[in-house]
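Okay, so the sequence shown: first residue is 93 according to our numbering, each after it adds one.
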Amino acid sequence: MFDAQKGTSDKQVGSKLRIGIVQARWNENITSTLAAACHAELLRLGVQEQHIRHVLVPGALEVPTALQALAERDEFDALIALGCIIRGETYHFELVANESGAGVTRIALDYQIPVANAIITTENLEQAVARQTEKGVDAARVAVEMANLLEELS
């Protein structure tokens with residue numbers, strides 16, 4: 093996997109934050125690892141266990157609906173979308189990837205809440221396995237950083 097230069101941030105303290113996680117069950121072996129890595133990183137960043145809400149949905153297309161329900165509660169400082177879409181033999185891959193991504197972005201913009209999108213899209217299972225832990229960690233870091241940034245900007 094390409095070694096991305098992610099940079100550093102001084103906004104990685106989550107002790108005052110409330111975070112909602114929506115995990116798709118489809119490709120659950122991958123999404124459960126994403127969720128475990130994300131959850132562990134949120135705790136490492138100081139988010140309190142009781143301030144993390146984790147819900148499961150059937151697949152990536154259902155993630156935006158659950159994100160919207162969480163956003164409407166006005167209880168969370170950031171949300172995290174977790175899923176795994178692996179290319180198959182039909183156009184369905186593009187449909188699910190594009191629509192779930194657009195839905196996640198729409199929730200962030202419509203509700204003015206940071207949403208870390210860790211719905212990974214890969215060509216095969218091997219690529220998904222190679223990314224599952226790192227992308228879960230990244231999602232936690234993005235959620236905490238963006239929640240702190242938006243608080244600072246308000």
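For glycine and all other residues, C-beta sits at the position ideal for the given N, C-alpha and C.
Local Cβ density within 10 Å of residue 227, reported as buried at 16 or more and exposed below that: As a first step, residue 227 is located in the sequence shown; it is residue number 135 there, counting from the start. In summary, residue 227 is buried, with 16 or more beta-carbon neighbours lying within 10 Å of its beta-carbon over all protein chains present.
Outcome for residue 142 when other beta-carbon atoms lying within 10 angstroms are tallied against a minimum of 16: For the purposes of this step, residue 142 is taken as the residue at position 50 of the sequence shown. Exposed is the call here.
Of the residues 231, 185, 238, 115, the one placed nearest residue 130, counting alpha carbons only: Start at 1 with the first residue of the sequence shown, and residue 130 comes out as number 38. When only C-alpha atoms are compared, the closest one is 231.
Option in 144, 186, 200, 124 with minimal Cα separation from residue 175: Locating residue 175 in the sequence shown gives position 83, where the first residue counts as 1. Of the listed residues, the one whose Cα sits closest to residue 175 is 124.
Counted within 10 angstroms of its Cβ, other Cβ atoms place residue 214 as buried (16 or more) or exposed: Walking along the sequence shown from the start, residue 214 turns up at place 122. Under this definition residue 214 is a buried residue.
DSSP three-state assignment for residue 182, whether helix, strand or coil: For the purposes of this step, residue 182 is identified with residue 90 of the sequence shown, where counting begins at 1. In the displayed model, residue 182 falls within coil according to three-state DSSP, outside both helix and strand.
Assigned exposure category for residue 255 - 16 Cβ within 10 Å defines buried: Any answer about residue 255 is impossible in this case: the structure gives the chain only from 93 up to 246.
Beta strand (DSSP E) segments (min. 3 residues) lying fully within the stretch 103–147: Fully enclosed beta strand (DSSP E) runs of no fewer than 3 residues occupy 111–116 of the stretch 103–147, in order along the chain.
Own chain, CB closer than 6 angstroms to residue 247, minus 5 neighbours either side, in chain order: Given a span of 93 to 246 for the chain in the structure shown, any question on residue 247 remains unanswerable.
Rounded straight-line distance, which links the Cα of residue 210 to that of residue 220: As a working mapping, residue 220 is identified with position 128 in the sequence shown. As a working mapping, residue 210 is identified with position 118 in the sequence shown. Approximately 12 angstroms, taken between the alpha carbons.
Pairwise C-alpha distance: residue 186 and residue 84: Residue 84 falls outside the range modelled here, since the chain spans only 93 to 246, and no answer is possible.
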